[in-house]
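A short worksheet on the structure shown next.
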Amino acid sequence: MLIRNGTLVTAEGMLQADVRVEGERIAAIGDLLPRPDEPTVDATGCMVLPGLVDPHVHIALDTGIYRTDDDWFIGTRAAAFGGVTTVVDFATQFRGQTFEEALAARLEEAREKAVVDYALHMMVTDLPPGKEGELGKLTARGVAGIKLYTTYRPNYYADDATLLRVMRAAGALGLLTMVHCENDAIVTEAIERLKAEGRTSLREHGRSRPPLAEVEAVHRVLFLAAEARAPVYIVHCSTTRSVDLVHEAAQRGQLAFAETCPQYLLLDETAYEGSHPEWYILQPPLRAAAERAGLWERLHRGWIATIGTDHCDYALGQKMATGSFLTTPGGLPGIETMLPLLYTFGVLEGRIGWPDLVRLCATNPAKLFGLYPRKGALQPGADADLVLYDPEPEDTLSADRLHTIAGYTPYEGWRVRGRVRLVMVRGQVVISEGTFCGTPGWGRFIPATPLSIHHITLPYVRGKNT
Numbered sequence: 048m049l050i051r052n053g054t055l056v057t058a059e060g061m062l063q064a065d066v067r068v069e070g071e072r073i074a075a076i077g078d079l080l081p082r083p084d085e086p087t088v089d090a091t092g093c094m095v096l097p098g099l100v101d102p103h104v105h106i107a108l109d110t111g112i113y114r115t116d117d118d119w120f121i122g123t124r125a126a127a128f129g130g131v132t133t134v135v136d137f138a139t140q141f142r143g144q145t146f147e148e149a150l151a152a153r154l155e156e157a158r159e160k161a162v163v164d165y166a167l168h169m170m171v172t173d174l175p176p177g178k179e180g181e182l183g184k185l186t187a188r189g190v191a192g193i194k195l196y197t198t199y200r201p202n203y204y205a206d207d208a209t210l211l212r213v214m215r216a217a218g219a220l221g222l223l224t225m226v227h228c229e230n231d232a233i234v235t236e237a238i239e240r241l242k243a244e245g246r247t248s249l250r251e252h253g254r255s256r257p258p259l260a261e262v263e264a265v266h267r268v269l270f271l272a273a274e275a276r277a278p279v280y281i282v283h284c285s286t287t288r289s290v291d292l293v294h295e296a297a298q299r300g301q302l303a304f305a306e307t308c309p310q311y312l313l314l315d316e317t318a319y320e321g322s323h324p325e326w327y328i329l330q331p332p333l334r335a336a337a338e339r340a341g342l343w344e345r346l347h348r349g350w351i352a353t354i355g356t357d358h359c360d361y362a363l364g365q366k367m368a369t370g371s372f373l374t375t376p377g378g379l380p381g382i383e384t385m386l387p388l389l390y391t392f393g394v395l396e397g398r399i400g401w402p403d404l405v406r407l408c409a410t411n412p413a414k415l416f417g418l419y420p421r422k423g424a425l426q427p428g429a430d431a432d433l434v435l436y437d438p439e440p441e442d443t444l445s446a447d448r449l450h451t452i453a454g455y456t457p458y459e460g461w462r463v464r465g466r467v468r469l470v471m472v473r474g475q476v477v478i479s480e481g482t483f484c485g486t487p488g489w490g491r492f493i494p495a496t497p498l499s500i501h502h503i504t505l506p507y508v509r510g511k512n513t
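For what it's worth, the numbering used here labels the leading residue of the sequence shown as 48, then goes sequentially.
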């Protein structure tokens, strides 16, 4: 196939060029002439992007307490409609499981259902002292990231000694440690105080997990990661101070990276006072409007390495079942809406440029998690993961027109610009003019390579390498 007359967008800039696809790869880029009988797509007026790489999703999530009702077909189809051609999800190591067992179970769930490609992080919950060598089995099986938590006692919680021990071993192997940062003691105290006062409605959710809990944990995790000589990736930063701490660590030479999410850039705590507080139950919670503005500013400065959705497709019935934040599962659907939202409220409003969007949502995630240059790149030899985005149409976001099973979107009624015209995954068209034409099982597990110097010399700070 030949895609003609589009504006190609890379992390480095934009250019007018054609793209030839042969089999599953990009074969050539330039001023190309059609071959006899070669299918062509006229991309006039469209941006041609590398398929987005979402580094933080939860498809068919099972926490041991709650479970989303989606599966890998539903989740990856929604991703495709949003221009996301690679998702990086998590294999959860439940207590008593080996890493191999956790990984095999997750791969089996996805194998015949995924319509876009996928990689996996490992959620480490059971690694006793002396067993740190087991982490080497992850790199051998194509896992480049692990995830630890400073909260959610007793399911996922890791104390400081565990954090230090596991990060030290992970760093030596080239694994990137992702950490959910909230101080468990501060969160617990806030929750217990609200319970004692009888204030457990959904509107109180934000007060149950104060910003200080996140900031303190980020500060502590960065300190421990420096001691462990381990690269660290702070997930879903919701406060400006969290990002500042990561940036300050990076300026000192530490391999530290910040991720934020569309919900923290676009929503704030006033949502809890509206008519649908259940739409906004997530961890960390939504913050003050000033934090939202501060995150955009830090995004513009280049202090944030990636944007991930933290997509989590709990059904509306689950979100409304009890009316208490204590027993409501946390997480928002967002994988399908990320691209139009970031274009509308980021690019069009001058907060970021198109190359920034590609860097944050495709190239940097692929580099950090060992998928580049196969993913996140528009260059010969890369997988033919392409998105044609028409920047002109206007649309209104509505749950009944999206492809998750949540039954709601936190952006209901929002006006957005642009639409996805075509999405290709390894040369197969999976979305064409709003119609799904993919194949369950076409998506493949993409083995990742460990973090290396090549991967980390990426210009996520504007104008310089870090």
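Don't be surprised by glycine CBs; every beta carbon is placed ideally from N, CA and C. Everything numeric in this text was worked out from a predicted model, so none of it was measured.
Indicate the three-state DSSP secondary structure (helix, strand or coil) for residue i in the structure shown.
| i | result |
| --- | --- |
| VAL171 | coil |
| ASP116 | coil |
| ILE121 | helix |
| TYR204 | strand |
| PRO487 | coil |
| LEU53 | First, the amino acid is wrong: residue 53 is Gly here, not Leu. Here GLY53 sits in strand by DSSP. |
| TYR390 | helix |
| SER371 | strand |
| THR504 | For THR504, the pLDDT reaches just 46, beneath the cut-off of 50, and the residue's location in the model is therefore unreliable, leaving the point undetermined. |
| ASP101 | strand |
| GLN475 | strand |
| HIS266 | helix |
| PHE416 | coil |
| VAL405 | helix |
| HIS450 | coil |
| PHE141 | coil |
| THR384 | coil |
| ILE333 | Going by the sequence as given, residue 333 is Leu instead of Ile. Looking at LEU333 - three-state DSSP - the assignment turns out to be coil, as it is neither helix nor strand. |
| LEU150 | helix |
| PRO258 | helix |
| VAL163 | coil |
| GLN63 | strand |
| ASP291 | helix |
| TYR280 | strand |
| GLY510 | A caution first: GLY510 carries a pLDDT of 38, below 50, which makes its placement in the model too unreliable to give a value. |
| ALA58 | coil |
| LYS422 | coil |
| GLU320 | helix |
| MET214 | helix |
| GLY183 | helix |
Look at residue i and residue j and say whether their C-beta atoms are less than 8 angstroms apart.
| i | j | result |
| --- | --- | --- |
| VAL100 | VAL66 | no |
| PHE416 | ALA166 | yes |
| THR384 | LEU329 | no |
| ALA161 | THR451 | no |
| GLY168 | ILE193 | Residue identity differs from the one stated: residue 168 is His in this sequence, not Gly. Result yes, Cβ atoms of HIS168 and ILE193 sit closer than 8 angstroms. |
| GLY189 | ALA446 | no |
| ARG212 | GLU244 | no |
| GLY355 | ALA275 | no |
| LEU241 | LEU182 | no |
| LEU363 | TYR455 | yes |
| GLU128 | ILE478 | The sequence given here has Phe at residue 128, not Glu. Result yes, Cβ atoms of PHE128 and ILE478 sit closer than 8 angstroms. |
| PHE372 | HIS252 | yes |
| GLY465 | PRO438 | yes |
| GLY98 | LEU469 | no |
| THR87 | LEU62 | no |
| VAL567 | VAL163 | Residue 567 falls outside the range modelled here, since the chain spans only 48 to 513, and no answer is possible. |
Can you list, in chain order, the residues of its chain whose CB lies under 6 angstroms from that of residue i, leaving out five sequence neighbours each side?
| i | result |
| --- | --- |
| VAL279 | THR224, ALA272, ALA303 |
| HIS105 | CYS359 |
| ALA296 | LEU269, ALA303 |
Looking only at its chain, what residues have a beta carbon closer than 8 angstroms to the beta carbon of residue i, apart from the 5 residues adjacent to it on each side?
| i | result |
| --- | --- |
| ILE399 | LEU346, HIS347, LEU389, GLY393, LEU407 |
| ASP315 | LEU333, ARG334, ALA335, ALA336, GLU338, ARG339 |
| THR317 | ALA336 |
Counting only the same chain and skipping the five closest in sequence on each side, list residues whose C-beta sits under 7 angstroms from that of residue i.
| i | result |
| --- | --- |
| ASP430 | GLU71, ARG72, ARG421, LYS422, ARG473 |
| GLN140 | PHE146, ALA149, MET169, MET170, VAL171, THR172, ASP173 |
| THR369 | THR375 |
| ALA264 | THR197, CYS228, GLU229, ASN230 |
| PRO457 | GLN310, LEU314, TRP326, TYR327, LEU379 |
| GLU459 | LEU444, SER445, ALA446 |
| LEU220 | LEU182, GLY183, THR186, PRO497 |
| TRP401 | VAL56, MET61, MET94, VAL394 |
| PRO487 | PHE120, GLU159, LYS160, VAL162 |
Establish whether the CB of residue i and some CB of chain B are separated by less than 8 angstroms.
| i | result |
| --- | --- |
| GLU261 | This model lacks chain B altogether, as it is built from one protein chain only. |
Start-end ranges of the beta strand (DSSP E) lying completely within the segment 223–253, minimum 3 residues: 223–227
Any 3 or more C-beta pairs closer than 8 angstroms across the segment 287–299 and the segment 331–343: yes
So, do the segment 71–91 and the segment 323–335 have three or more beta carbon pairs nearer to each other than 8 angstroms? no
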